[in-house]
Amino acid sequence: MMNLKKYIINLKRHHKIGLIVFCTIALLHKFIANEKYIVAGTENGIAFFVEGEKANKGIKTLIPYSPNSIDKKNRKVGPLSKQDVPSLYYRHWLGTDSVGRDVLAGIIHGSFIAFKVGVVTVLFSLIIGLLFGYLSGYLGDSGARIKKSTFWLWVLSVLLFWFYGFYSHGIVSYICFAIPFLLLAFFIYKTPQHKKGNMGFPFDVIVFRIIEIINAIPGLFILLLILALFKERSFTNVIVVIVFLRWPAVARHLRAEILKIKEEDYVKAAKSINLSDSKIFLHHVLPQAISPIIIICAFSFSTAVLTESTLSFLGIGVPLDQVTWGSLLKEARYDFDSWWLALFPGLAIYALIFLFNSIGDRINNQLRKV
555 MMNLKKYIIN LKRHHKIGLI VFCTIALLHK FIANEKYIVA GTENGIAFFV EGEKANKGIK
615 TLIPYSPNSI DKKNRKVGPL SKQDVPSLYY RHWLGTDSVG RDVLAGIIHG SFIAFKVGVV
675 TVLFSLIIGL LFGYLSGYLG DSGARIKKST FWLWVLSVLL FWFYGFYSHG IVSYICFAIP
735 FLLLAFFIYK TPQHKKGNMG FPFDVIVFRI IEIINAIPGL FILLLILALF KERSFTNVIV
795 VIVFLRWPAV ARHLRAEILK IKEEDYVKAA KSINLSDSKI FLHHVLPQAI SPIIIICAFS
855 FSTAVLTEST LSFLGIGVPL DQVTWGSLLK EARYDFDSWW LALFPGLAIY ALIFLFNSIG
915 DRINNQLRKV
């Protein structure tokens with residue numbers, strides 16, 4: 555089975571260039587588009603990201619506008635229109651919106667939002683998907699037996715998570731948010747095998763039914779339902795909702811792969827010498843499931859970006875003061891003459907989704923040849 559390094563090496567040239575360009579723009583967005591100096595001399599010495607009024611001399615960014623900078627003299631101007639600017643350096647190359655915010659600066663800042671949402675969503679979807687994939691595919695319906703007290707303790711922790719996670723704030727909320735996952739991880743590690751007085755727990759049936767229920771409900775309905783539970787708008791809330799929608803796909807694919815791998819002779823041999831389930835899974839099963847995981851991550855990233863852009867376009871869940879690709883598209887909905895507000899953010903969304911979908915297809919084709 556090819557490893558991750560070989561998959562990256564075998565990507566096509568435009569895939570590598572696209573990934574490098576996107577990650578560079580996203581991670582260095584403040585150094586590319588910012589109304590402040592990157593480095594400037596002040597009365598107190600050299601400082602970073604200094605406002606123009608407080609700086610003597612310094613290094614400017616490529617684009618002298620922040621995503622929320624307002625140019626009152628150039629409101630609703632197109633990229634080809636005449637602009638009231640002192641020099642070409644201050645020109646709005648992709649135009650402005652009705653308020654006077656630079657579209658190019660908004661797209662660059664939106665790339666960081668897309669990067670953050672995509673990476674965090676994929677990471678947490680992968681963690682939850684691995685956990686439930688292990689429970690469903692490897693332990694199955696008869697692979698684990700637990701004490702009744704442990705089971706009811708875990709049920710109680712889930713109820714605490716629901717209350718403090720959605721209706722409380724502060725450090726208590728974060729602690730209780732982590733309780734069920736910590737207890738579940740500890741429970742899996744300490745699971746006693748086939749002892750009298752313990753109850754069998756049909757993980758496969760329960761996990762698979764949960765996945766079926768989530769998949770049976772329209773995603774938009776789940777989005778609106780969960781976001782309505784939060785009191786404030788934030789990207790954290792959006793990420794939580796997207797993770798809730800994506801982990802079933804990760805768990806379902808991993809379950810199918812694990813069911814196939816655990817029937818291999820080397821896995822049966824490891825069980826025959828009494829290796830623990832955790833060691834067998836981590837050292838023998840999981841490495842063989844890396845390829846499907848990479849493919850799932852690629853498609854999950856593009857799905858997360860598209861979902862975030864959709865929510866921003868609809869004005870749901872996302873902070874109103876944040877400039878994203880979806881919020882720029884929303885501006886075009888109110889002004890059909892400003893074609894640049896629909897064209898350039900739309901191209902950015904299309905290019906990124908096409909990039910990660912094509913990477914997923916490329917890796918999938920390589921996997922079929924192996």
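When the letters of the sequence shown are read in order and numbered with our numbering, they come out as residues 555 to 924.
Where a beta carbon is used, it is the ideal one built from N, C-alpha and C, also for glycine.
Can you tell me the Cα-Cα spacing of K683 and I764, whole angstroms?
As a first step, residue 683 is located in the sequence shown; it is residue number 129 there, counting from the start. As a first step, residue 764 is located in the sequence shown; it is residue number 210 there, counting from the start. Residue 683 is actually Gly in this sequence, not Lys. Approximately 12 Å between the Cα atoms of the pair.
Decide if the region 892 to 912 is in contact with the region 649 to 667; the criterion is three or more beta carbon pairs, one per stretch, under 8 Å apart.
Contact holds between the region 892 to 912 and the region 649 to 667, because three or more Cβ pairs, one in each stretch, are under 8 Å apart.
So I771 and F798 are in contact, right, with Cβ under 8 Å, and what is the actual spacing, rounded?
For the purposes of this step, residue 771 is taken as the residue at position 217 of the sequence shown. For the purposes of this step, residue 798 is taken as the residue at position 244 of the sequence shown. Contact between I771 and F798 is absent: CB atoms are separated by about 11 Å, not below the 8 Å threshold.
Quick test of your reading: G672 and F855, contact by CB under 8 Å. State the CB separation rounded to the nearest angstrom.
Within the sequence shown, the letter at position 118 stands for residue 672. Within the sequence shown, the letter at position 301 stands for residue 855. With a Cβ gap of about 4 Å, G672 and F855 count as contacting.
So, using beta-carbon positions, are E811 and A852 closer together than 7 Å?
For the purposes of this step, residue 811 is identified with residue 257 of the sequence shown, where counting begins at 1. For the purposes of this step, residue 852 is identified with residue 298 of the sequence shown, where counting begins at 1. Contact flag unset, no.
Would you mind stating whether S690 and R809 have Cβ atoms separated by less than 7 Å?
As a working mapping, residue 690 is identified with position 136 in the sequence shown. As a working mapping, residue 809 is identified with position 255 in the sequence shown. Yes, these two residues count as a Cβ contact at 7 Å.
With DSSP as the reference, label Y743 as helix, strand or coil.
By one-based count along the sequence shown, residue 743 stands at place 189. Note on Y743: pLDDT 49, under 50, position unreliable in the model; the coordinate value appears next. Three-state result, Y743: helix.
Spatial neighbours of F908 within its chain, please: C-beta separation below 6 Å, excluding the five flanking residues on both sides.
Working through the sequence shown from its first residue, we reach residue 908 at position 354. No residues qualify anywhere along the chain.
Helix, strand or coil at M556 according to DSSP, with G and I counted as helix
Taking the first residue of the sequence shown as 1, we reach residue 556 at position 2. With a pLDDT of 46 at M556, under the threshold of 50, the predicted position of this residue should be treated as unreliable, and no value is reported.
Where V804 and L778 are concerned, what is the direct C-alpha to C-alpha distance, given to the nearest angstrom?
Numbered from its first residue, the sequence shown carries residue 804 at position 250. Numbered from its first residue, the sequence shown carries residue 778 at position 224. Going from the Cα of V804 to the Cα of L778 covers about 22 Å.
Would G660 and R787 be called neighbours here (beta carbons separated by less than 7 Å)?
Reading the sequence shown from its first residue, position 106 is the one you call residue 660. Reading the sequence shown from its first residue, position 233 is the one you call residue 787. No, these two residues do not count as a Cβ contact at 7 Å.
Using the Cα positions of I917 and L836, report the straight-line distance between them to the nearest angstrom.
Locating residue 917 in the sequence shown gives position 363, counting from the first residue. Locating residue 836 in the sequence shown gives position 282, counting from the first residue. Near 23 Å, if we compare the C-alpha coordinates of L836 and I917.
Best match in Y644, L868, S830 and D656 for proximity to F898 [C-alpha to C-alpha]:
In the sequence shown, counting from the first residue as 1, residue 898 sits at position 344. Comparing Cα positions, the closest option is D656.
On a Cα-Cα basis, can you pick out the residue from K584, K627, E605 and G632 that is closest to I617?
If you number the sequence shown from 1, residue 617 lands on position 63. The shortest C-alpha separation from I617 is found at K584.
How is D656 classed by DSSP in three states: helix, strand or coil?
As a first step, residue 656 is located in the sequence shown; it is residue number 102 there, counting from the start. The answer is strand: DSSP assigns D656 an E or B state.
Could you tell me the distance, in whole angstroms, from the CA atom of G687 to the CA atom of P756?
In the sequence shown, residue 687 corresponds to position 133, counting from 1. In the sequence shown, residue 756 corresponds to position 202, counting from 1. The straight-line gap from Cα to Cα measures roughly 13 Å.
Alpha-carbon spacing of I848 relative to T578, whole angstroms
For the purposes of this step, residue 848 is identified with residue 294 of the sequence shown, where counting begins at 1. For the purposes of this step, residue 578 is identified with residue 24 of the sequence shown, where counting begins at 1. Inter-residue distance for I848 and T578 is about 21 Å (C-alpha atoms, whole angstroms).
Using a 10 Å radius around the Cβ and a threshold of 16 neighbouring Cβ atoms, would you call N588 buried or exposed?
Translated into the one-based positions of the sequence shown, residue 588 becomes position 34. Under this definition N588 is a buried residue.
How is the alpha helix (DSSP H) around H583 delimited, first residue to last?
For the purposes of this step, residue 583 is identified with residue 29 of the sequence shown, where counting begins at 1. Unbroken alpha helix (DSSP H) run through H583: H583 to I586.
Pair within 7 Å by beta-carbon distance, W879 and S892:
Translated into the one-based positions of the sequence shown, residue 879 becomes position 325. Translated into the one-based positions of the sequence shown, residue 892 becomes position 338. In this structure, the beta-carbon distance from W879 to S892 does not fall below 7 Å.
If you reduce the DSSP assignment to three classes, tell me which class V575 lands in.
Along the sequence shown, read from residue 1 onward, the residue named residue 575 stands at position 21. DSSP places V575 in helix when its eight states are reduced to three.
Using a Cβ-Cβ cut-off of 7 Å (strictly less than) and excluding sequence neighbours within five positions of H867, which residues of its own chain qualify?
Here residue 867 refers to the residue found at position 313 of the sequence shown. Sequence inspection shows Phe at residue 867; the His mentioned does not correspond to that position. Excluding positions up to five away in sequence, the list reads G880, L883 and K884.
Along the chain, which unbroken stretches of the beta strand (DSSP E) at least 3 residues long are found entirely within the region 785 to 849?
none
Beta-carbon spacing of W894, L648 below 7 Å
Indexing the sequence shown from 1 puts residue 894 at position 340. Indexing the sequence shown from 1 puts residue 648 at position 94. Yes.
According to the Cβ coordinates, are V792 and L860 closer than 7 Å?
Your numbering for residue 792 matches position 238 in the sequence shown. Your numbering for residue 860 matches position 306 in the sequence shown. With a cutoff of 7 Å on beta-carbon distance, V792 and L860 are scored as not near each other.
Per the DSSP calculation, T650 is bridged to which residue(s)?
Residue numbering aside, residue 650 sits at position 96 when the sequence shown is read from its first letter. Bridge partners of T650: D656.
Across which residues does DSSP place G612 in a beta bridge pair?
As a first step, residue 612 must be located in the sequence shown, where it is residue number 58. For G612, which the question treats as bridged, DSSP gives the partners A594.
Mind checking who I661 pairs with in its DSSP beta bridge?
Locating residue 661 in the sequence shown gives position 107, where the first residue counts as 1. DSSP, once it has assigned bridges, lists no residue as partnering I661.
Measure from the alpha carbon of H807 to the alpha carbon of each residue in K670, I624 and S845, then state which is nearest.
Walking along the sequence shown from the start, residue 807 turns up at place 253. When each option's Cα is compared against that of H807, the closest is S845.
Within 10 angstroms of its Cβ, does D819 collect 16 or more other Cβ (buried), or is it exposed?
Against the sequence shown, residue 819 aligns to sequence position 265. D819 should be labelled exposed.
I'd like to check one pair, I796 with T675: are the Cβ atoms closer than 7 Å?
Counting from 1 along the sequence shown, the entry for residue 675 is found at position 121. Counting from 1 along the sequence shown, the entry for residue 796 is found at position 242. Taking 7 Å as the Cβ cut-off, T675 and I796 qualify as a contacting pair.
P873 versus F789: straight-line alpha-carbon distance, rounded
By one-based count along the sequence shown, residue 873 stands at place 319. By one-based count along the sequence shown, residue 789 stands at place 235. In a straight line, the C-alpha of P873 is about 7 Å away from that of F789.
Classify S679: buried if its beta carbon has 16 or more other beta carbons within 10 angstroms, exposed otherwise.
As a position in the sequence shown, residue 679 is number 125, starting the count at 1. Buried, since its Cβ has 16 or more Cβ neighbours within 10 Å.
Can you pull the DSSP bridge partners for I617?
Taking the sequence shown and counting its residues from 1, one reaches residue 617 at position 63. Per DSSP, the beta-bridge partners of I617 are A587.
What alpha helix (DSSP H) runs, 4 residues minimum, are completely inside the region 874 to 922?
879 to 888
In chain order, what residues of the same chain have a beta carbon less than 8 Å from the beta carbon of S652, not counting five sequence neighbours either side?
The residue labelled residue 652 in the question sits at position 98 within the sequence shown. Only R629, K630, E885, Y888, D889 and S892 meet the Cβ criterion.
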